[in-house]
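One structure below.
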């Protein structure tokens, strides 16, 4: 009996300990993510230089990354890539 009393621990309830542990793990995970993002940032997206754009517009065949489409008129607003509100469509 004395042995059981010696090992009993009077601390916070088990549910509170679990919540505290979960919050601590979440905090550490966020901190590690922040540090990795600051130390090893993602590579920037590829950007086109003015020379690449000028070459694509003058129909030079050396540029494969850019596409040039010639249309007879302006693009259709209802086509892909256009975001138009319902209110401005009614006008």
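Numbering (my numbering), first residue to last: 2 to 92.
Backbone N, C-alpha and C fix where the C-beta goes; we use that ideal spot for every residue, glycine too.
- In this structure, residue 67 lies near residue 57, with their beta-carbon atoms less than 8 Å apart.
- Here DSSP, grouped into helix, strand and coil, assigns residue 19 to helix.
- Boundaries for residue 78: no alpha helix (DSSP H) harbours it, and the DSSP string shows neither H nor E there.
- Bounds of the alpha helix (DSSP H) holding residue 55 are 51-58.
- A direct Cα-to-Cα measurement between residue 71 and residue 31 gives close to 49 Å.
- If you draw a straight line from the Cα of residue 49 to the Cα of residue 55, it comes to about 10 Å.
- Per DSSP, reduced to three states, the secondary structure at residue 31 is helical.
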